[in-house]
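Using our numbering, the first residue of the sequence shown is number -10, and each one after it goes up by one. Scroll down for the structure; my scribbles are underneath it.
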Amino acid sequence: MDFVQEIHPGVFLLDTNHFGQPGLGGAYIIHAEEVALVDTGASLAKERILLGLKALGIERTKVKWIFLTHVHLDHAGGAGAVISALPNATVVVHPRGAKHLVDPSKLVASTKSATGERFRFYGEAFPIPEERICTGTDGEVFPLGSLKVLAIDSPGHAPHHLCFFIPEHGLLFTGDALGLYIKGRLLPTTVPPSFDLVAWLATLERLASLKPQKLLFAHFGPGEPKLIEEYRALLLAWVERVRRHQEKPEEEAISAVLSELRREGWPVGPGVSGDWAMSVRGVLQYLHRKEASG
Ligand SMILES: [Zn+2]
């Protein structure tokens, strides 16, 4: 089972093979008296999740919660597929994300237009019946037997983002709230349509105040708590970098930023240039929105 690893006693990282590659996207399995998933990956990850549970000897009926950090399809697209195989599971999602799980059509359309050729890696997003969704508000506790898991409101990447925190072990499931952490490198993920710098900076303070001992990135794997401060610096520098090009037409601004990144040695291969372009677009839209609102 090379795609599941125990990263803390009873907590497993399952590689969802995002975009057909290892090390890019993950879901977590919390195996306490009861069991939870944190994110599911896209729906093509369903078989892996079921295989992973089986390999760990976990009965499907024991899965109580599917914690979704947010509804972007690389995190939640598989929830509708996987929940049909987990009869006792309830999805936990931010109140602002719930309607997109009940009717994923808008989400699918916007992902399609944003990801182009790579959309084929997402698979179909199935609707989730309303009665199997529970909205999670800030500080709310979701128990797994005696183990407490807290939902933490964490807007910035998206207004409907939650992190999940296990105080007893100092584990913070970060979703996209601390950007990406790929091969030891932090990368911004400031995507349209709702990236919000001010909200994000407040979120980073809040996450630091929890004093987590380990950060568990969806993209990808565990990281040290000092990365919260590093991400703050990265985010500010990134917005500043895009701001210098904000008067240009969008496509020109994107290629200007991409060539800067290339010159500075950032990972800007053909596989990831689309992600960078999306992150530039998200910042441009944020800056224009701020200007428009005075
Ligand atoms: Zn996201």
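Beta carbons are placed, not taken as given, at the ideal position from N, Cα and C, and that holds for glycine. It should be emphasised that the depicted structure is a prediction, and the values quoted were computed from it without experimental measurement.
No residue range can be given for residue 47, since it is assigned to no beta strand (DSSP E) and is classified by DSSP as neither H nor E. Relative to ligand 1, the beta carbon of residue 7 is positioned no closer than 6 Å to any heavy atom. Counting only residues of its own chain and dropping the five nearest sequence neighbours on each side, residue 77 has a CB closer than 8 Å to the CB of 50, 51, 52 and 53. Going down the chain, each residue whose beta-carbon is closer than 5 Å to a heavy atom of ligand 1 shows up: 61 and 165. Straight-line measurement puts the Cα of residue 235 at about 27 Å from the Cα of residue 96. Annotated as proximal: residue 144 and residue 188, with beta-carbon spacing under 7 Å. The segment 167 to 178 makes no contact with the segment 76 to 90: fewer than 3 CB pairs, one atom from each, lie closer than 8 Å. In terms of CA proximity to residue 269, 240 leads the group 240, 84, 111 and 125. The shortest C-alpha to C-alpha distance from residue 159 to any of 112, 214, 181 and 195 is the one to 214. Between residue 133 and residue 21, the C-beta gap is smaller than 7 Å, which places the two residues in contact. By DSSP's assignment, residue 124 forms a beta bridge with 82.
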